[in-house]
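Chemist:
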Amino acid sequence: MRIATWNVNSVSARLPRLLDWLGTAEPDVLCLQELKCAEDAFPSGEIGELGYEVAAHGTGRWNGVAVLSRVGLEEVRRGLLDEPGYLADGAMFETKEPRAIGATCGGIRVWSVYVPNGREVGHAHYAYKLRWLDALRATAAAELSSPRPFAVLGDFNIAPTDADVWDITAFDGCTHVSEQERKALTALAETGLTEVRPRALKYDVAFTYWDYRQLRFPNNQGMRIDLIFGNEAFTSLVADSYVDREARKGKGTSDHAPVVVDLTAP
DNA sequence: ATGTCCGCTAAAAGCGGA
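If you're matching positions, the first sequence starts at 11 in my numbering and goes up one per residue.
(1) Between which two residues does the beta strand (DSSP E) holding I238 run?
(2) Do V123 and T185 have their beta-carbon atoms positioned less than 8 Å apart in this structure?
(3) Check the DSSP bridge columns for M233 and list the partner residues they point to.
(4) With DSSP as the reference, label R277 as helix, strand or coil.
(5) Quick one: complete beta strand (DSSP E) runs, 3+ long, within the stretch 149-208?
(6) By how many angstroms is the C-alpha of G262 removed from the C-alpha of P228?
(7) Just list the residues that DSSP pairs E84 with in beta bridges.
(8) Nearest to S54 by alpha carbon, out of P157, A76, Y252, A35?
(9) Which residue from A267, R223, F239, E153 puts its Cα closest to that of P170?
(10) What residues in its chain sit with their C-beta under 6 Å from that of L143, if we drop five residues either side in the sequence?
(11) Suppose the cutoff is 8 Å on Cβ atoms and the five residues either side in sequence are ignored; what does the same chain contact list for G61 look like?
(12) Mapping the DSSP letters down to three states, classify E44 as helix, strand or coil.
(13) Decide if F103 is buried, meaning its Cβ has at least 16 other Cβ atoms within 10 Å, or exposed.
(14) Just how far apart, CA to CA, sit L198 and R147?
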């Protein structure tokens, strides 16, 4: 079974590339992030023609996540357990955002997640990011009582190690590499999850994101922030994993590349 | 070589967000 995750940066803008990639990579399950469209505006017709069922969680302009599956789509759950919203400075209420959706596909439990960016260390959005990650940890912990294969896939907006950014000296004091963010990843892993590390198809590090600006992709100045964490029942099935950097080439691309994981049949 | 791109708006140029 082939499972993948991809931050598409607008499913509408990316639809031609997405349909093309589905046709060539042929994932059985695809977790999407940054839909930037409402649930009822999701292009499930075109995607359905390729044999995929769709569960989407989106509200419009920002965020939005989905699971596509051609091996069944059950037990869909939108949002985390006790998921926090974003409490902006001076705001009276939190705003909930569509950043997580869970589903069971062919016996595998998957979560597609889009972790808050954080903006700057110390920003209200950074506090939100850490609270949100704790809710993700609690949600994973609650579901891990089941022995079935389980994985969290998505855009974590965190580089697990200094080697996962193109130049750590360019990230001094920045989000994505801070100790608190990395501790949140460790806490998530301590629920019983191990990171699946993809192969790089070119260069040494399997970056998954390159900013559109400043020729970051041609210069391979990227970050590895799209991650996959699985329990033992999941990771023991892993036959291969890689980042499809070809999908980042050319016109009309996302700023992220898909991460693919191939499982042997359970 | 893509020297950003996306979606939204008391809208068609400027803005927030990434």
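Where is the CB? At the ideal position from N, CA and C, for every residue including glycine.
Keep in mind the model is a prediction, meaning the values are calculated, not measured.
Modeler: Taking the definition as stated:
(1) If you number the first sequence from 1, residue 238 lands on position 228. Its beta strand (DSSP E) spans residues 236-240.
(2) If you number the first sequence from 1, residue 185 lands on position 175. If you number the first sequence from 1, residue 123 lands on position 113. No.
(3) Here residue 233 corresponds to residue number 223 of the first sequence, with the count starting at 1. DSSP, once it has assigned bridges, lists V175, Y219 as partnering M233.
(4) There is no way to answer for residue 277, as the model of the chain reaches only from 11 to 276.
(5) 160-165
(6) As a working mapping, residue 228 is identified with position 218 in the first sequence. As a working mapping, residue 262 is identified with position 252 in the first sequence. For P228 and G262, the distance between alpha carbons rounds to 15 Å.
(7) In the first sequence, the residue the question calls residue 84 occupies position 74. The partner list for E84 (beta bridge, DSSP) reads T114.
(8) For the purposes of this step, residue 54 is taken as the residue at position 44 of the first sequence. Nearest C-alpha to S54: A76.
(9) Against the first sequence, residue 170 aligns to sequence position 160. Here the closest residue by C-alpha is F239.
(10) The sequence position of residue 143 within the first sequence is 133, counting from 1. Excluding residues within five positions, the ones whose Cβ falls inside 6 Å are A194.
(11) Position 51 of the first sequence, counting from 1, holds the residue named residue 61. Excluding positions up to five away in sequence, the list reads R80.
(12) Numbered from 1 along the first sequence, position 34 holds the residue referred to as residue 44. In this structure, E44 counts as coil in the three-state DSSP scheme.
(13) Mapped onto the first sequence, residue 103 falls at position 93. Using a 10 angstroms sphere on the CB of F103, the tally of other CB atoms stays under 16, which defines it as exposed.
(14) The residue you call residue 198 lines up with position 188 of the first sequence. The residue you call residue 147 lines up with position 137 of the first sequence. Straight-line Cα distance between these residues: approximately 5 Å.
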